[in-house]
Structures are given as structure tokens and as C-alpha cells.
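Data first, discussion second: the structure below is written as C-alpha cells.
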Amino acid sequence: MTIVELVRLFAEPLTTAVVLTDTDLERPGPTILYVNPAFARMSGYTAAEMLGASPRLLQGLDTSRQVTRLISRKLRAEGRYHGVLENCRKSGEAYLCEIDVRPLLGRDGEPLAFLAFEREVVRRRGRPSQDPAGRYRPILPEPLEVCPMGTAPSLFA
Ligand SMILES: Cc1cc2nc3c(=O)[nH]c(=O)nc-3n(C[C@H](O)[C@H](O)[C@H](O)COP(=O)(O)O)c2cc1C
235 MTIVELVRLF
245 AEPLTTAVVL
255 TDTDLERPGP
265 TILYVNPAFA
275 RMSGYTAAEM
285 LGASPRLLQG
295 LDTSRQVTRL
305 ISRKLRAEGR
315 YHGVLENCRK
325 SGEAYLCEID
335 VRPLLGRDGE
345 PLAFLAFERE
355 VVRRRGRPSQ
365 DPAGRYRPIL
375 PEPLEVCPMG
385 TAPSLFA
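Numbering-wise, the sequence shown is residues 235 to 391 according to our numbering.
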């Protein structure tokens, strides 16, 4: 079974958006290998439109270069990025998106692919929380159904 087939098996029924890419972080990479139906519902793009594209397709004119530089740095240094950024739906509407990107490691410890869990969030009203994750709340009430990385702390917990 390939990675794409395996990820499709668990991700297809999830309400959390899932994006699988290759590990090529040089532009125009990374290349999207799979998105689940929840991702298509959130972004407005069909799976067919996203396959072969880069997640940068979701960036708009207001996307912060500071944030994208941070993603690039984190993915190169640690293979992980967790944060909230502004994405754009196909319609052009901006939405806040919490994303947790992790590497899928092969037996030799080398990354075979990147897997991202993504969900739309809104800013909480009131005094900002000390905890960055506490500043946002998810649009969907459902918790993340599955955490495939085992020991790594789940941002959606
Ligand atoms: C699996 C995965 C999912 C990603 N999802 C998003 C996303 O939803 N929105 C976004 O702006 N960038 C996303 N990115 C990050 C971009 O693909 C890219 O790495 C980022 O823009 C930094 O690279 P750059 O400085 O060359 O643009 C994702 C990356 C990976 C590996």
C-alpha cells in the first residue's frame, strides 16, 4: 500500500481537513498528493484542482510573508509547523486556518511526505490568552478523531 492510499483510507471520512504533500520545499514545491473531502469543503477547491498544486494556492494578497517565511524555516529545520494563518477559499474569501504539519518518516528516519491537519478557527473575543492556541476557537465543535503521530502532542487536543 502506498502512503497516498494509506492516508486516503483514514482521512476520507474525517471532518478535519487533511493535506498530504511530497517533501520538496523548494518552489514550486511542495506538491499536493492528496486532500480529503473535508479540505475540499473548507477551501472550495475540488481534490482534482488541488492535486499537483502547491498549498501556496491558498495564499492571498494579505497572507503574511512573515508567517510563510516562518513555515518555511520550521519545516526545513524541524519538519513541523503548527500555527494559525490566513488562507483564501477558491471564492476569494479569507479564513483563519489552524494548521499542524508533520513529516511522515520512513524506516531510516527520513521524511517520506508531509501531512497537515487543518481546520478553520475564529479569534476568541475578550482578553488575549497567554497560550497562543487559546486565542482561537474552532468553527467545528468536533474534536480531531485521530492522531496518527502517536506521542507528538496534538495541537487540536
Ligand atoms: C502539508 C502542507 C500543508 C500546507 N498548507 C498550507 C496552507 O494551508 N496555507 C499556507 O499558506 N501554506 C501552507 N503550507 C506551506 C506552503 O506550502 C509553503 O511551505 C510556505 O508558503 C513556505 O514556503 P515559501 O516561503 O516558499 O512560500 C503547507 C505546507 C505543507 C508541507
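Built from N, CA and C at the ideal position, the CB exists for glycine as well.
Item                                                                                                                         : Value
Under the three-state DSSP convention, the category residue 291 falls into                                                   : helix
Sufficient close CB pairs (3 or more, under 8 angstroms) joining the stretch 307 to 316 to the stretch 269 to 288            : no
Residue 378 versus residue 297: straight-line alpha-carbon distance, rounded                                                 : Low local confidence applies: a pLDDT of 49 at residue 378 is under 50, so the model's placement there is unreliable, and no value is given.
Selected residue, minimal CA-CA separation from residue 281, among 251, 256, 321                                             : 251
Other residues of its chain near residue 242: CB distance less than 7 angstroms, five sequence neighbours each side excluded : 268
Whether residue 304 touches residue 318 by CB criterion (7 angstroms)                                                        : no
Residue 244 classed as buried or exposed, judged by whether at least 16 other C-beta atoms fall within 10 angstroms          : exposed
Residue 349 versus residue 263 - alpha carbon distance                                                                       : 14 angstroms
Cα-Cα separation between residue 292 and residue 371, rounded to whole angstroms                                             : 21 angstroms
Proximity test, residue 289 beta-carbon vs ligand 1 heavy atom, cut-off 6 angstroms                                          : yes
Contact under 7 angstroms by Cβ, residue 289 with residue 313                                                                : no
Extent of the continuous beta strand (DSSP E) to which residue 336 belongs                                                   : 328 to 339
Residue nearest to residue 358 in terms of C-alpha spacing, selected from 351, 287, 368                                      : 368
Residue closest to residue 248, alpha-carbon to alpha-carbon, out of 325, 326, 352                                           : 352
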